[in-house]
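S.K.:
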């Protein structure tokens, strides 16, 4: 299902329209979509001319959001889902699917840039007559000045930063050897360890594979028979439960013949999480869990993967990929004196799978003796021909049967094209030709990963899983490690009186657990004065604001607008009538129990002295969403958490839902982490290790024009070993 971009303003290709019929069963219909000049059009066949009328259409407005829902099995076919929705009406949404994560990523980027361009057009041509197809519009404030134009944001959003990290930090890995063409690293420890190996060492192998990051990602995610062509450790694998599009529970049985002769067979029960970065890098993370549906197998000893996974980064114009494979495993030896040396030997042996993967792709490029690749090529070609014939038949049948109805649909009034839901073909749920089903797809890629639990997803209603449901599914899971925390088990029943701005203590010495402090601004890299020419970043020299307070709260609902509540630190300063201005970042983790981390920053000079901040404070939500940026950094914690969070600056608005509250002396940003499947997966992992982490963050407003450069940090923070059990209950 190809995707083409004829120019910067046009994108087209085949996608799957995901719907639920009247019985609640999910189904997919193949449609040809064209995104051109902010108009999103749907066809039942590839349009021959540009003047051909679409079956349905909608206009992409500045309030349209796109969320990545990961992969799902629809009619036993794995597709990569993304959803368009209106920020002013979440019920108005359109769920689409692509054949590959790369296709989905290109569509997501194109739609997000179209939404930014729509806002730019709205500002520069307010009086322009509207199109026949009306746009969904959020009632955003128009109080911002015209200098807040997103024109530069739109242009810069398509150009990724050259740097792979926006944090200045020492490497946490040291090389100790090379084997089979792979560099081997061990995780650097504190000085007290004196370079000694611990009982369950974290070891990483790094190599270059002659393949695209997407192809390698698909190979690594497959649990079917094709895995035996490179993974000499793998015997059998299955998906126990599909949690969401980015997270599932997998069970792996390991072969016996590669283990030491005296060692019994091992198996692993893992939670698997994946995501794709903007630069095409794929991250796959694993850690061991308990699950009631998969008890220990007879004849097997269940090993514990403390952390592990893959990072696949494209290089050499995306023709090759640097693959990092990391493992930290407790093999559960019977004799303790065998643990250190044997564990290190077996872990290094297992990392050798990366060399086998490299040889597999070399063989694939040479099209040599492997019959699997020949069969795969023939099968893909056959499927492509079947799909083309199917589309032709479908078009002929539908056009011949109901031409009058199609003409009537195109001639509908503009108001009937106003909603994204208008692109949903609800009326033809039983009349499309069904997709061909290849029962031998286990060798071809995705469906082999999904067992009966995955197939049962077809019977579920096509709604986005809520954060509450996600947390509920994690309720019965516990990681084999010290420091794992369950949100429900650690919740206290006693409710404490909450004084907003004082529930999390300050500790500049960094010694007190569950405390906050400011971190060194020079840790973070920001855009320099010549960034638009050389794409170089510089160390930050200071912050515009000072951190004055923090809250760590829990409640049965979202706690919005903390700055406007009586008795808060913000209102105390407001009562004095001073010049102080507060900037509040309220991070909300929804679920059966909602956790809130609120960070309070203050400046005692007029915001007019910082023009970019003034534009942000007085601007509308669209401008704010396009500029607010976060740089995360896990300075202390396991590799799996560091890798899941990353060290790259990101625009928060396009990825997460932000509600803005403007008061007399403050601006509050309430960030809903539950609005993104990817973010929920990261946060659920972080929460599991929370009391073992030191989290550092920096906040800034992205500078896009020469007048706005160089950038400056608004503020920083350091959170030291937060504890779920110490979150303060908010009384109703």
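In the numbering used here, the protein residues as written are 2 to 733.
Where a beta carbon is used, it is the ideal one built from N, C-alpha and C, also for glycine.
Could you check whether residue 300 and residue 327 sit closer than 8 Å to each other, using their CB atoms as the reference points?
M.R.: no
S.K.: Between 171, 189, 209, 170, which lies nearest to residue 181 when the distance is taken from Cα to Cα?
M.R.: 209
S.K.: Going by C-alpha distance, which of 65, 561, 688, 362 is nearest residue 321?
M.R.: 362
S.K.: Sorted by chain position, which residues of the same chain lie with C-beta nearer than 7 Å to residue 684's C-beta, five sequence neighbours on each side aside?
M.R.: Contacts found: 590, 674.
S.K.: Measuring CA to CA, which of 75, 70, 14 is closest to residue 25?
M.R.: 75
S.K.: Nearest to residue 686 by alpha carbon, out of 307, 280, 505?
M.R.: 307
S.K.: Less than 8 Å between the CB atoms is what I'm expecting for residue 252 and residue 305, so what's the real figure, rounded?
M.R.: Going by Cβ atoms, the distance from residue 252 to residue 305 rounds to 14 Å, so no, they are not a contact pair.
S.K.: Does the distance from the CB of residue 226 to the CB of residue 343 come in under 8 Å?
M.R.: no
S.K.: Does DSSP put residue 310 in a helix, a strand or coil?
M.R.: strand
S.K.: Rounded C-beta distance between residue 504 and residue 552? I'm assuming under 8 Å.
M.R.: 5 Å
S.K.: Does the distance from the C-beta atom of residue 594 to that of residue 555 stay below 8 Å?
M.R.: Using a Cβ distance threshold of 8 Å, residue 594 and residue 555 count as a contacting pair.
S.K.: Nearest-angstrom Cα distance between residue 580 and residue 533?
M.R.: For the pair residue 580 and residue 533, the Cα-to-Cα distance works out to about 35 Å.
S.K.: Does the Cβ of residue 55 have 16 or more other Cβ atoms within 10 Å, making it buried, or fewer, making it exposed?
M.R.: buried
S.K.: For the 8 Å Cβ check, are there 3 or more pairs between the stretch 659-672 and the stretch 348-367?
M.R.: no
S.K.: With burial defined as no fewer than 16 other Cβ atoms inside 10 Å of the residue's Cβ, what is the status of residue 286: buried or exposed?
M.R.: buried
S.K.: Mapping the DSSP letters down to three states, classify residue 675 as helix, strand or coil.
M.R.: helix
S.K.: For the beta strand (DSSP E) that residue 222 lies in, which residues bound it at each end?
M.R.: Careful: residue 222 lies outside any beta strand (DSSP E), inside the alpha helix (DSSP H) at 214-222.
S.K.: So, do the stretch 640-651 and the stretch 704-719 have three or more beta carbon pairs nearer to each other than 8 Å?
M.R.: no
S.K.: Hey, out of 584, 358, 525, whose CA is closest to residue 633's CA?
M.R.: Nearest option by C-alpha distance: 525.
S.K.: Taking the beta strand (DSSP E) that residue 265 belongs to, which residues open and close that run?
M.R.: No beta strand (DSSP E) contains residue 265, which DSSP labels as neither H nor E.
S.K.: Where DSSP assigns a beta bridge to residue 604, which residues make up the other side?
M.R.: In DSSP, residue 604 forms a bridge with 582.
S.K.: Give the list of continuous beta strand (DSSP E) stretches no shorter than 3 residues that lie fully inside the stretch 53-134.
M.R.: 57-60, 65-75, 78-87, 90-99
S.K.: Return the residue from the list 565, 82, 53, 541 that minimises the CA-CA distance to residue 247.
M.R.: 82
S.K.: Measure the beta-carbon distance from residue 696 to residue 657 and round it to whole angstroms, keeping in mind my assumption that it falls under 8 Å.
M.R.: At roughly 17 Å, the Cβ-Cβ gap does not stay under 8 Å, so residue 696 and residue 657 are not in contact.
S.K.: How many angstroms separate the CA atom of residue 16 from the CA atom of residue 680?
M.R.: In a straight line, the C-alpha of residue 16 is about 25 Å away from that of residue 680.
S.K.: Across which residues does DSSP place residue 663 in a beta bridge pair?
M.R.: 668
S.K.: With DSSP collapsed to three states, give me the class of residue 801.
M.R.: No answer is possible for residue 801: the residues shown for the chain start at 2 and end at 733.
S.K.: Ends of the alpha helix (DSSP H) at residue 321?
M.R.: Counting along the chain, no alpha helix (DSSP H) covers residue 321; the unbroken beta strand (DSSP E) around it starts and ends at 321-331.
S.K.: Where do the N-terminal and C-terminal ends of the alpha helix (DSSP H) with residue 630 fall, by residue?
M.R.: Run containing residue 630: none in the alpha helix (DSSP H); it sits in the beta strand (DSSP E), 629-637.
S.K.: In its own chain, which residues sit with a C-beta less than 7 Å from the C-beta of residue 540, not counting the 5 before and 5 after it?
M.R.: 169, 523, 526
S.K.: Does the stretch 208-223 come into contact with the stretch 98-112, if we say contact requires no fewer than three beta-carbon pairs (one atom in each stretch) closer than 8 Å?
M.R.: yes
S.K.: Have a look at residue 575 and residue 250 and give me their C-alpha separation to the nearest angstrom.
M.R.: 50 Å
S.K.: Looking at C-alpha atoms only, which residue of 690, 612, 511 is the closest neighbour of residue 638?
M.R.: 690
S.K.: Which residue wins for smallest C-alpha separation from residue 729, given the options 614, 653, 652, 599?
M.R.: 599
S.K.: Using the C-alpha atoms, what's the distance from residue 30 back to residue 49?
M.R.: 20 Å
S.K.: Does the distance from the CB of residue 617 to the CB of residue 602 come in under 8 Å?
M.R.: no
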